[in-house]
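Novice: Residue numbers (my numbering), protein chains in the order written: chain X, 1 to 142; chain U, 1 to 142. Quick reminder that beta carbons are idealized off the backbone N, C-alpha and C, glycines included. Just so we're clear, the structure is a prediction, and the values are computed from it rather than from any experiment. Supplied in C-alpha cells, the structure appears directly below.
2 protein chains.
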Amino acid sequence: MSGAPFVLDSTLAADGHFVGDLPLSTVLLMDDARFPWLIVVPRVAGMRDLIDLRRAQRQALLDEVDACAYALRALHAPLKLNVAALGNVVAQLHVHVIARHAGDAAWPKPVWGVGDREHYASVALTAEVARLRVALGLANAQ
Amino acid sequence: MSGAPFVLDSTLAADGHFVGDLPLSTVLLMDDARFPWLIVVPRVAGMRDLIDLRRAQRQALLDEVDACAYALRALHAPLKLNVAALGNVVAQLHVHVIARHAGDAAWPKPVWGVGDREHYASVALTAEVARLRVALGLANAQ
Chain X
1 MSGAPFVLDS TLAADGHFVG DLPLSTVLLM DDARFPWLIV VPRVAGMRDL
51 IDLRRAQRQA LLDEVDACAY ALRALHAPLK LNVAALGNVV AQLHVHVIAR
101 HAGDAAWPKP VWGVGDREHY ASVALTAEVA RLRVALGLAN AQ
Chain U
1 MSGAPFVLDS TLAADGHFVG DLPLSTVLLM DDARFPWLIV VPRVAGMRDL
51 IDLRRAQRQA LLDEVDACAY ALRALHAPLK LNVAALGNVV AQLHVHVIAR
101 HAGDAAWPKP VWGVGDREHY ASVALTAEVA RLRVALGLAN AQ
C-alpha cells in the first residue's frame, strides 16, 4: 500500500455520526434509528480485509470491536450482537457492530438492504452519542 | 452457562460439511457451491456472542478465523472476504468466512438469504474439502 495518510471513506462519513476515536479506530453511529449500530474503522490507510492488518493491529481492532459490543450490550440489552466485516460496497476496512432484538425491523435477517433507513431525530442522536461516549470511556475526551 | 459439553448445533451440522478441527474450533464448509464459505465454530458450550468468550478464547478464535481467511484467499483469490458473526437464526456462536467475487450470485449484497442454495456435487465437495484441509494444515490429521 502507498504511504498516503488515512482518510475516512466518504460514504462511511456520510452514513455515520462521529462518536469518538479509540486508540486505533474511529467509531461511527450509523444514521439508522431502527438499529443500535456502530461502525468501527481502523485508521490505517489502504486496508481492505481483516487479514490485511498486521497481527497486533488486528488484535487491537478486535479489542475495540469488543468494547463497542460491550457498550451496545450495556445500553441496549440486545438479544444478539451482529459483528461483521463485509465491505463489498465500501472497500475501506470497517466492522459493523449491531445490537439486534427479536422483532426489530429486519429480524432475524441481517440488517443490510432491509427496508428504508430511518434517520435519527436530532435530540435522540445527541443523546445516543453522549451515552455511547460514556459507555466507551470517551466522555471526557475532546 | 451449564457444565454441559459442547455439541455442534444441528442446523450447522446439517448445512455444513466437516473440514476439520483446529485447536479451538470446528471448521465446516457451507453446502452452497455458489460461494466458497467456511463456518468456524468454537467448541465451547453455551456461547452466543463473541464477547461471551474469555479473552484468550476470543483471540484464539480470531486466529483461526484468520487462518480460514488465508486459506480461502489462497484457494479462491477473492476480491473481498466477508467475516461475520451474526447468529440470529442459529444461536450457537459461529463465524462465517466467505470469499466474494464481483459478479457472484449475491454480489455486492451479503450472501444470507439470497436465492437458492446450490449443493456441491460429490466429486467437487471431496476435492474442495481436501484442498481446504491442506491450506489449513490439517492434511495429515485424522
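(1) What in chain X is Cβ-close to Tyr70 of chain U, meaning under 7 Å?
(2) Is it right to say Thr11 of chain X is buried, meaning 16 or more other beta carbons lie within 10 angstroms of its own, or is it exposed?
(3) Are the C-beta atoms of Pro110 of chain X and some chain U residue less than 8 Å apart?
(4) What number of angstroms, rounded off, separates the C-alpha of Leu50 of chain U from the C-alpha of Val90 of chain U?
(5) I think Ala135 of chain U touches Leu75 of chain U, with their Cβ atoms under 8 Å apart; what is that distance to the nearest whole Å?
(6) Using the DSSP secondary-structure output, state which residues sit across from Gly16 of chain U in a beta bridge.
(7) Looking only at DSSP bridge pairs, what is Leu81 of chain X linked to?
(8) Quick check on Gly115 of chain U - is its C-beta less than 8 Å from some C-beta in chain X?
(9) Report the residue from U:Ala139, U:Val41 and U:Phe6 whose alpha carbon sits nearest the alpha carbon of Leu61 of chain U.
(10) Flag this pair as yes or no: are the beta carbons of Asp15 of chain U and Glu118 of chain U separated by less than 8 Å?
(11) Spell out whether any CB of chain U is found under 8 Å from the CB atom of Asp32 of chain X.
(12) For Phe35 of chain X, count neighbouring C-beta atoms within 10 Å of its own C-beta (all shown protein chains included) and say buried if the count is 16 or more, exposed if not.
(13) Please decide whether Asp66 of chain U counts as near chain X, where near means a Cβ-Cβ distance under 8 Å.
(14) Per DSSP, what kind of secondary structure is Asp49 of chain U in: helix, strand or coil?
(15) Assuming Glu64 of chain X contacts Leu22 of chain X under a Cβ cut-off of 8 Å, what Cβ separation, rounded to an integer in Å, is found between them?
(16) Against Trp107 of chain U, what residues of chain X qualify as contacts under a CB-to-CB distance less than 7 Å, listed in chain order?
(17) Should Pro110 of chain X be labelled buried (16 or more other beta-carbon atoms within 10 Å of its own) or exposed?
(18) Could you round the C-beta distance between Leu72 of chain U and Val97 of chain U to whole angstroms and report it? I think they count as a contact, below 8 Å.
(19) Using beta-carbon positions only, say whether Leu93 of chain U and His17 of chain U come within less than 8 Å of one another.
Specialist: So, to answer that:
(1) Ile51
(2) exposed
(3) yes
(4) 14 Å
(5) 6 Å
(6) U:Met30
(7) X:Ala99
(8) no
(9) U:Val41
(10) no
(11) no
(12) buried
(13) yes
(14) coil
(15) 5 Å
(16) Asn88
(17) buried
(18) 6 Å
(19) no
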